[in-house]
Amino acid sequence: MLSPRRPAALLGLLLLATTLAPRAGRAQEPAAPEAEGLAGALAEIRDALGLSGFFDVKAADTRTDPNVFSMGDFELDLERDLGRHVQVAAALVVNDGGAELAVGFVDVHVVGAPVAPRGRLPVEKGFHAQLGRFDVPFGGDWQYFAAKDRTELSAPLTTEAVLDGGYNDVGLRLLGGTGSLGWTAYWLRGEGEGTAVGGRIALMPFDDVYRLRDRTRVFELGISALHDSDGNGNTETTSLAVDAELRATFGQLRAEWARRDERPVEGRDARLVRSGLHVTAIVEAGAVAGVPLSPYVRWDTAKAEPEAAGGEVGVEAGRTERLTAGLRTLLFDTLTLKLEYQRVLAAPPEAEAEEGFRRDALLAQAVVAF
Numbered sequence: 086m087l088s089p090r091r092p093a094a095l096l097g098l099l100l101l102a103t104t105l106a107p108r109a110g111r112a113q114e115p116a117a118p119e120a121e122g123l124a125g126a127l128a129e130i131r132d133a134l135g136l137s138g139f140f141d142v143k144a145a146d147t148r149t150d151p152n153v154f155s156m157g158d159f160e161l162d163l164e165r166d167l168g169r170h171v172q173v174a175a176a177l178v179v180n181d182g183g184a185e186l187a188v189g190f191v192d193v194h195v196v197g198a199p200v201a202p203r204g205r206l207p208v209e210k211g212f213h214a215q216l217g218r219f220d221v222p223f224g225g226d227w228q229y230f231a232a233k234d235r236t237e238l239s240a241p242l243t244t245e246a247v248l249d250g251g252y253n254d255v256g257l258r259l260l261g262g263t264g265s266l267g268w269t270a271y272w273l274r275g276e277g278e279g280t281a282v283g284g285r286i287a288l289m290p291f292d293d294v295y296r297l298r299d300r301t302r303v304f305e306l307g308i309s310a311l312h313d314s315d316g317n318g319n320t321e322t323t324s325l326a327v328d329a330e331l332r333a334t335f336g337q338l339r340a341e342w343a344r345r346d347e348r349p350v351e352g353r354d355a356r357l358v359r360s361g362l363h364v365t366a367i368v369e370a371g372a373v374a375g376v377p378l379s380p381y382v383r384w385d386t387a388k389a390e391p392e393a394a395g396g397e398v399g400v401e402a403g404r405t406e407r408l409t410a411g412l413r414t415l416l417f418d419t420l421t422l423k424l425e426y427q428r429v430l431a432a433p434p435e436a437e438a439e440e441g442f443r444r445d446a447l448l449a450q451a452v453v454a455f
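Add 85 to the 1-based position in the sequence shown for the working numbering, that's all there is to it.
Okay, here's the thing in structure tokens:
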């Protein structure tokens, strides 16, 4: 069910070249006619195909990563209208694991606007039917899988440890909204044999589009459920999540609880229950010397409870607790810099005994969007 997110090298080079194209509102040095013509042609291709994307580079202290630097994801997003009510969207991602089509779907919207390949869903009234591969709207953190969408450098433990990095699958997704109520329902391929069904309901009581047009999703409360069964109707995995988000001019406050119950199936002998909680606060601190700053802090915890003593191979029973603090800033409208400190407050005894275990980590990330 889960997939990493990975573009062809030619498309990547094309997109990098288009970032050099002149942009409206910015003074440009006179360019040679050939160079100006090439840049304009590339920009036209990018705009015609609805192309955008990003890549990121990470760094860590030498105790966490002796090599210090590492390359993250290079993602290329595509949006293209095929008529008034039909759209195709895709996200190609390349990283150290290779290249993969992380998102690729056809969207039919009888009512409503087009949908971006990744991230937050529309808030206006509408109804969409989508077929293909997509990030599964489960919990609240799924909207921030891509580095360009996430204020923090790292994902919370609810995503990392409980949901194995977040759900991404192939299937059918229906989504709609009334302005103060949003819903999604999906029928997925699932993990093993059989299929999975689930959905998410989001309540936005202060976002009546007829009364508060200048405010969207001031407060959102979401409830998610996912049931994965084999071909005989036996339960393989059930997942539940409750999330809340408060958005204001001064920042955001997010919280999420998630639980994943893995039942014994072929290749998995024992039952394993994972659960976790995170609370994240982000402050929009304004600009210093023209540079906008967004400090943040997060507390999160996750617990693994194998049914049998010792549990599955590679699964460490016990609770992990972590405190994270960091700072994000945006430069030149395209470059985002993030600096983050992590402190492990508690960990399972087996994890603490492992070679290389560190309670503290200092991380940095640069995200370039185009």
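For each residue, glycine too, the CB sits at the ideal point set by N, CA and C. The structure presented is a predicted model; accordingly, all values stated were derived computationally and were not measured.
Residue nearest to residue i in terms of C-alpha spacing, selected from the options
{"i": "residue 378", "options": "164, 158, 167, 412", "result": "412"}
{"i": "residue 365", "options": "285, 336, 442", "result": "336"}
{"i": "residue 261", "options": "333, 220, 200", "result": "200"}
{"i": "residue 157", "options": "234, 141, 166, 445", "result": "141"}
{"i": "residue 272", "options": "436, 226, 310", "result": "310"}
{"i": "residue 304", "options": "361, 437, 234, 329", "result": "329"}
{"i": "residue 161", "options": "185, 345, 440", "result": "185"}
{"i": "residue 367", "options": "380, 356, 361, 244", "result": "380"}
{"i": "residue 326", "options": "445, 270, 284", "result": "284"}
{"i": "residue 426", "options": "361, 268, 257, 445", "result": "445"}
{"i": "residue 322", "options": "291, 363, 437, 282", "result": "282"}
{"i": "residue 255", "options": "279, 235, 155, 349", "result": "279"}
{"i": "residue 324", "options": "183, 224, 178, 433", "result": "224"}
{"i": "residue 174", "options": "149, 154, 204, 183", "result": "204"}
{"i": "residue 179", "options": "349, 439, 139, 154", "result": "139"}
Beta-ladder partner(s) of residue i, from DSSP
{"i": "residue 282", "result": "272, 312"}
{"i": "residue 67", "result": "For the chain, the structure presents residues 86 to 455; residue 67 sits outside this window and is missing."}
{"i": "residue 213", "result": "194, 260"}
{"i": "residue 229", "result": "The partner list for residue 229 (beta bridge, DSSP) is empty, contrary to what the question assumes."}
{"i": "residue 154", "result": "144"}
{"i": "residue 346", "result": "323, 358"}
Between the CA atoms of residue j and residue i - distance to the nearest angstrom
{"i": "residue 341", "j": "residue 331", "result": "12 Å"}
{"i": "residue 237", "j": "residue 288", "result": "25 Å"}
{"i": "residue 277", "j": "residue 371", "result": "48 Å"}
{"i": "residue 358", "j": "residue 347", "result": "6 Å"}
{"i": "residue 396", "j": "residue 454", "result": "Any reading at residue 396 needs caution, since the residue's pLDDT is 48, under 50, leaving its predicted position unreliable; the model's value is listed next. If you take the alpha carbons of residue 396 and residue 454, they lie about 42 Å apart."}
{"i": "residue 250", "j": "residue 165", "result": "28 Å"}
{"i": "residue 315", "j": "residue 373", "result": "55 Å"}
{"i": "residue 275", "j": "residue 259", "result": "17 Å"}
{"i": "residue 176", "j": "residue 135", "result": "12 Å"}
{"i": "residue 147", "j": "residue 443", "result": "11 Å"}
{"i": "residue 428", "j": "residue 198", "result": "42 Å"}
{"i": "residue 116", "j": "residue 418", "result": "For residue 116, the pLDDT reaches just 48, beneath the cut-off of 50, and the residue's location in the model is therefore unreliable, leaving the point undetermined."}
{"i": "residue 227", "j": "residue 152", "result": "30 Å"}
{"i": "residue 318", "j": "residue 423", "result": "46 Å"}
{"i": "residue 217", "j": "residue 375", "result": "42 Å"}
{"i": "residue 369", "j": "residue 339", "result": "14 Å"}
{"i": "residue 320", "j": "residue 345", "result": "12 Å"}
{"i": "residue 137", "j": "residue 391", "result": "43 Å"}
{"i": "residue 313", "j": "residue 441", "result": "36 Å"}
{"i": "residue 407", "j": "residue 144", "result": "20 Å"}
{"i": "residue 229", "j": "residue 244", "result": "10 Å"}
{"i": "residue 403", "j": "residue 447", "result": "25 Å"}
{"i": "residue 343", "j": "residue 437", "result": "24 Å"}
{"i": "residue 389", "j": "residue 196", "result": "43 Å"}
{"i": "residue 431", "j": "residue 270", "result": "37 Å"}
{"i": "residue 183", "j": "residue 356", "result": "32 Å"}
{"i": "residue 149", "j": "residue 382", "result": "20 Å"}
{"i": "residue 290", "j": "residue 360", "result": "28 Å"}
{"i": "residue 439", "j": "residue 257", "result": "42 Å"}
{"i": "residue 235", "j": "residue 155", "result": "19 Å"}
{"i": "residue 334", "j": "residue 362", "result": "25 Å"}
Residue i burial status per 10 Å Cβ neighbour count (16 or more: buried)
{"i": "residue 416", "result": "exposed"}
{"i": "residue 253", "result": "buried"}
{"i": "residue 219", "result": "buried"}
{"i": "residue 354", "result": "exposed"}
{"i": "residue 202", "result": "buried"}
{"i": "residue 181", "result": "exposed"}
{"i": "residue 246", "result": "buried"}
{"i": "residue 456", "result": "Outside the shown range of the chain, which is 86 to 455, sits residue 456, and nothing can be said about it."}
{"i": "residue 159", "result": "buried"}
{"i": "residue 266", "result": "exposed"}
{"i": "residue 242", "result": "buried"}
{"i": "residue 387", "result": "buried"}
Sub-8 Å separation of residue i and residue j beta-carbons
{"i": "residue 222", "j": "residue 206", "result": "yes"}
{"i": "residue 452", "j": "residue 409", "result": "no"}
{"i": "residue 450", "j": "residue 240", "result": "no"}
{"i": "residue 171", "j": "residue 191", "result": "yes"}
{"i": "residue 168", "j": "residue 194", "result": "no"}
{"i": "residue 401", "j": "residue 435", "result": "yes"}
{"i": "residue 307", "j": "residue 286", "result": "yes"}
Chain B contact for residue i (CB, 8 Å cutoff)
{"i": "residue 173", "result": "As a matter of chain content, chain B is missing from the structure shown, which is built from one protein chain."}
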